[in-house]
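Mind the numbering: the sequence shown is residues 1 to 219 in the UniProt record's numbering, read in order.
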Amino acid sequence: MTFDLFGNDADDDTTNAPQTDELGPGAFVLRGFARARLATLQTDIDAVIAQAPLRHWLTPGGKRMSVAMTNCGDVGWISDKMGYRYGTHDPLSKQPWPAMPASFVALASDASEAAGYRDFSPDACLINRYTLDARLTLHQDRDERELGAPIVSVSLGLPAVFLWGGLQRGDRTRRVRLEPGDVVVWGGPSRLVYHGIASVEGSFDAQAVRYNLTFRQAR
Ligand code: MD3
Ligand code: FE
Numbered sequence: 001m002t003f004d005l006f007g008n009d010a011d012d013d014t015t016n017a018p019q020t021d022e023l024g025p026g027a028f029v030l031r032g033f034a035r036a037r038l039a040t041l042q043t044d045i046d047a048v049i050a051q052a053p054l055r056h057w058l059t060p061g062g063k064r065m066s067v068a069m070t071n072c073g074d075v076g077w078i079s080d081k082m083g084y085r086y087g088t089h090d091p092l093s094k095q096p097w098p099a100m101p102a103s104f105v106a107l108a109s110d111a112s113e114a115a116g117y118r119d120f121s122p123d124a125c126l127i128n129r130y131t132l133d134a135r136l137t138l139h140q141d142r143d144e145r146e147l148g149a150p151i152v153s154v155s156l157g158l159p160a161v162f163l164w165g166g167l168q169r170g171d172r173t174r175r176v177r178l179e180p181g182d183v184v185v186w187g188g189p190s191r192l193v194y195h196g197i198a199s200v201e202g203s204f205d206a207q208a209v210r211y212n213l214t215f216r217q218a219r
């Protein structure tokens with residue numbers, strides 16, 4: 001469904017608002033919302049990774065995740081044999097997670113507001129890096145204490161096919177292509193929808209990867 005969040009008439013060619021797709025109640029894809037900011041965001045991702053390197057967490061079941069992850073912000077998402085949780089320190093360096101870059105804070109604020117959410121102030125940003133073989137199986141994001149707050153995600157690099165399911169694991173899923181610069185904001189009745197990444201699309205550049213940032217209010 002296409003949804004005109006910016007109040008433009010279809011025949012109004014004097015404005016150029018990005019296209020918004022409503023995935024479900026309270027869940028929106030803001031197409032290209034971060035396109036003009038991609039270079040700055042990537043520079044700031046690289047700076048975070050220099051402080052807190054990407055790593056493959058183990059699931060509680062002991063399997064190595066194919067997606068490489070790190071964090072910035074007051075708390076970061078951690079997984080190991082003890083379970084999933086948020087923690088203030090990087091278990092590798094024993095240091096606090098790097099601060100959220102100003103470009104990240106601004107994007108999370110601007111995108112949540114564009115999707116109609118007021119006063120979103122994330123304290124966690126999970127950075128996911130996908131190589132061509134990486135997948136993220138269907139899951140819910142439910143480790144955050146504040147389930148009333150939305151989550152904002154930004155896609156960079158290679159395109160991917162993401163899976164948008166329902167509130168039950170067995171509900172049918174829809175496949176949605178996410179391109180660099182696309183921002184997804186989901187909250188309200190869609191906050192606990194099952195979702196995942198089915199595949200990442202290759203390119204002529206064999207070294208290319210996909211990055212995804214997810215901003216959460218975890219504590
Ligand atoms: C959630 N990341 O880190 S974000 C995660 O692209 C995660 O790295 C994926 O799921 C990634 O926990 C997906 C985009 C997304 C899109 C729609 C959703 C997440 C969603 C709809 C409902 C719930
Ligand atoms: Fe998720």
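Backbone N, C-alpha and C define an ideal beta-carbon position, used for all residues, glycine too.
Because the structure is a prediction, the values reported are computed rather than measured.
The alpha-carbon separation between residue 51 and residue 131 amounts to approximately 21 Å. With at least 16 other beta carbons inside 10 angstroms of its own, residue 157 counts as buried.
Contact check for residue 214 against residue 153 passes: the beta carbons are separated by less than 7 Å.
Residue 217 counts as buried, since no fewer than 16 other beta carbons sit within 10 angstroms of its beta carbon. Annotated as proximal: residue 73 and residue 123, with beta-carbon spacing under 7 Å. Between the region 34-42 and the region 173-181, the count of Cβ pairs shorter than 8 Å is three or higher; the stretches touch.
Between ligand 1 and residue 56, a heavy atom-to-CB distance of less than 6 Å is absent. The straight-line gap separating the alpha-carbon atoms of residue 136 and residue 64 is approximately 12 Å. DSSP lists 27, 151 as the beta-bridge partner residues of residue 186.
Residue burial is scored here from C-beta neighbours: residue 28 has at least 16 other C-beta atoms within 10 angstroms and is therefore classed as buried.
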